[in-house]
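S.K.: Got a structure here, written out as structure tokens. Questions coming.
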Amino acid sequence: MDEQELRLYSTPPEQESRAGANQYEHYEHDIAPRRASSAERRAANAERKRRSREQMSGEEIEARRVADANRKRRSREQMNDAEIGALRAANAERQRRYREQMSDTEIEALRAANAERQRRYREQMNDIETEALRAANAERQRRYREQMKDTEIEALRAARAERQRRSREQMNEGEIETRRAANAERQRRARSNISREESGTRSAVDSEWQRRLRPRLDWAGTASRGSNAGPHCRTVPQNATGLARSLRERPLSNTLGNMDQICSGCEALHFSGEKTAPNSTVYNMCCNLGKVSVNVFENFPGLLQQLYTRTGSESIQLLKHIRNYNNSLTMASTTAQLDSTRGGGPYCFRVHGQIHHRFGALRPLAGNPPQCAQVLIMHTEEAAAELAGRDVNRECDRATFAVLH
16 MDEQELRLYS TPPEQESRAG ANQYEHYEHD IAPRRASSAE RRAANAERKR RSREQMSGEE
76 IEARRVADAN RKRRSREQMN DAEIGALRAA NAERQRRYRE QMSDTEIEAL RAANAERQRR
136 YREQMNDIET EALRAANAER QRRYREQMKD TEIEALRAAR AERQRRSREQ MNEGEIETRR
196 AANAERQRRA RSNISREESG TRSAVDSEWQ RRLRPRLDWA GTASRGSNAG PHCRTVPQNA
256 TGLARSLRER PLSNTLGNMD QICSGCEALH FSGEKTAPNS TVYNMCCNLG KVSVNVFENF
316 PGLLQQLYTR TGSESIQLLK HIRNYNNSLT MASTTAQLDS TRGGGPYCFR VHGQIHHRFG
376 ALRPLAGNPP QCAQVLIMHT EEAAAELAGR DVNRECDRAT FAVLH
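For the record, in the sequence shown the residue sitting at position 200 is 215 according to the working numbering, with numbers rising by one throughout.
Laid out in structure tokens, this is it:
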């Protein structure tokens, strides 16, 4: 490569310094003034809007908010899911930066103003509009929670609990009782307006939500119970307001492990800590160390055996709701005068008075549904329809009732 070609591929130091100086002069005389003027224009626009809002009446402000909300709603209807997600993320980031620059007093004032505006807005809505708004909010929150990570869910729950705690500290007992009564009435109206299908869907959603949260929850998240609490727990006095109180000291977790130890004498499942000796393969509480032998039930009906052992939809449905099937097909029931006195220890089933056997008629009285043995003397199809039609068995299968009957 000759000297001329070398000059083409190299840049003299003085040329590099001139380029850097030109870039700095371009920023100092062109970009920086434009940024400063843009910031000044934004500040002037914000001040002009603030003065304009101060001169508006409450009705004009509400009308303007409604018009803005309708315009945004129409704009969102024309956007796809990706654009809506990007818009929400940008709004959340902007609000986060804005809240970081606010003091605690300004944040509380903003929350109070938002709560008052929402209260006035709800007062102008009828029951149908209110329920539709609640349903839309619940659906939006459900979709939002499904996209959240576990850490984000925990952070959101902690922030919500802290906000509710501060709100309760500023309320007196009368306000707390009024708020509790209003919440109970709202939940009662919501439950009365949902159908059986909606109730099943909501139960499924709640079950899935609790299943996702259960692995992250510590064992024994409630207060200990009186003198029988044991050395691992601390007794917490009851709260006169009836509100939940967080524990300062969490109880120590105590786990028995998996029930995966099989007794060699009867094949019963046990925990590892139930061994009588470190290397023992038989257990005492099931077959007395192999001394008791229980014969397997002979002539087991083939159809019932298939329901218990197969992995089809019928077997899964039976095992999932087996308690409902057992309770619906029992031949007798226990009726007693229960002793519901509350003590400090764990729950115990207590009966007041004498326990005795009582037989009823084979046919139910007029206006009463058949119970226990009265169901067993009915025709199979009638009994299956009767049992599957009860509210407590709404998730059970009528055909399975017919087979078990």
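Don't be surprised by glycine CBs; every beta carbon is placed ideally from N, CA and C.
1. State yes or no: is the C-beta of residue 388 within less than 8 Å of the C-beta of residue 346?
2. Would you tell me roughly how many angstroms separate the C-alpha atoms of residue 111 and residue 63, rounded to the nearest one?
3. Note the first and the last residue of the continuous alpha helix (DSSP H) segment covering residue 299.
4. How about the segment 269 to 280 and the segment 300 to 317: do they share at least three Cβ pairs that are nearer than 8 Å?
5. Within the segment 80 to 167, note down every full alpha helix (DSSP H) run reaching 4 residues or more, in order along the chain.
6. Whose C-alpha, out of 174, 104, 204 and 108, is nearest the C-alpha of residue 143?
7. Name the DSSP beta bridge partners of residue 70, please?
8. Below 8 Å CB to CB, which residues in the same chain sit around residue 221 once its five sequence neighbours on both sides are set aside?
9. Assign residue 337 to one of three DSSP states: helix, strand, or coil.
10. Straight-line CA distance for residue 186 to residue 197?
11. Measuring straight from C-alpha to C-alpha, what distance separates residue 353 and residue 366?
12. Check residue 444 in the structure and name its three-state DSSP category.
13. For residue 415, is the classification buried or exposed, using 16 other Cβ atoms within 10 angstroms of its Cβ as the cut-off for buried?
14. Helix, strand or coil for residue 402 per DSSP?
15. Could you say if the segment 331 to 349 and the segment 406 to 413 meet the contact criterion of at least three C-beta pairs nearer than 8 Å?
16. Hey, would you say residue 330 sits closer than 8 Å to residue 322, going by beta carbons?
17. Judging by CA-CA distance, which residue of 351, 376 and 405 is the nearest neighbour of residue 368?
18. Quick one: Cα of residue 181 to Cα of residue 223, how far?
19. Give me the Cα-Cα distance between residue 292 and residue 404, rounded to the nearest whole angstrom.
20. Between the alpha carbons of residue 157 and residue 297, how many angstroms are there, rounded?
21. If you draw a straight line from the C-alpha of residue 395 to the C-alpha of residue 339, how long is it?
22. Under the DSSP definition of a beta bridge, which residues are partnered with residue 276?
23. With respect to the alpha helix (DSSP H) encompassing residue 407, which residues constitute its N-terminal and C-terminal limits?
24. Skipping 5 residues on each side, what residues in its chain have a beta carbon closer than 6 Å to that of residue 305?
25. Alpha carbon to alpha carbon, what distance is there between residue 146 and residue 164?
26. In the DSSP assignment, the alpha helix (DSSP H) including residue 317 goes from what residue to what residue?
27. Which class does residue 353 belong to by DSSP, given the choice of helix, strand or coil?
28. With C-beta atoms as the reference, is residue 380 less than 8 Å away from residue 390?
29. Measuring straight from C-alpha to C-alpha, what distance separates residue 206 and residue 326?
30. Need the endpoints of the alpha helix (DSSP H) that residue 417 sits in, please.
31. Quick check on this structure: which residue in 113, 202 and 308 has the alpha carbon closest to the alpha carbon of residue 150?
32. Give every residue of the same chain whose Cβ lies closer than 7 Å to the Cβ of residue 99, excluding the five residues on either side of it in the sequence, and list them in chain order.
33. Buried or exposed for residue 398, going by 16 or more other Cβ atoms inside 10 Å?
M.R.: The structure says:
1. yes
2. 24 Å
3. 299 to 302
4. Under the Cβ criterion (8 Å, minimum of three pairs), the segment 269 to 280 counts as touching the segment 300 to 317.
5. 96 to 115, 119 to 138 and 142 to 161
6. For residue 143, the nearest C-alpha among the options comes from 204.
7. Note: residue 70 sits in no beta bridge, so no partner.
8. none
9. helix
10. 15 Å
11. Each residue's CA atom was taken as its position, placing residue 353 and residue 366 some 5 Å apart.
12. Because the chain here runs from 16 to 420, residue 444 falls outside it and cannot be looked at.
13. buried
14. In the three-state scheme derived from DSSP, where H, G and I count as helix and E and B as strand, residue 402 is classed as helix.
15. yes
16. Their beta carbons are under 8 Å apart, which means residue 330 touches residue 322 by this criterion.
17. 351
18. 30 Å
19. 52 Å
20. 49 Å
21. 18 Å
22. 285
23. Unbroken run through residue 407: none, as it is neither H nor E.
24. 280 and 297
25. Those two C-alpha atoms are separated by around 29 Å.
26. 317 to 324
27. strand
28. No, the pair does not count as a contact, with Cβ atoms beyond the cut-off.
29. 35 Å
30. 413 to 419
31. 202
32. 91
33. With 16 or more Cβ atoms within 10 Å of its Cβ, residue 398 is classed as buried.
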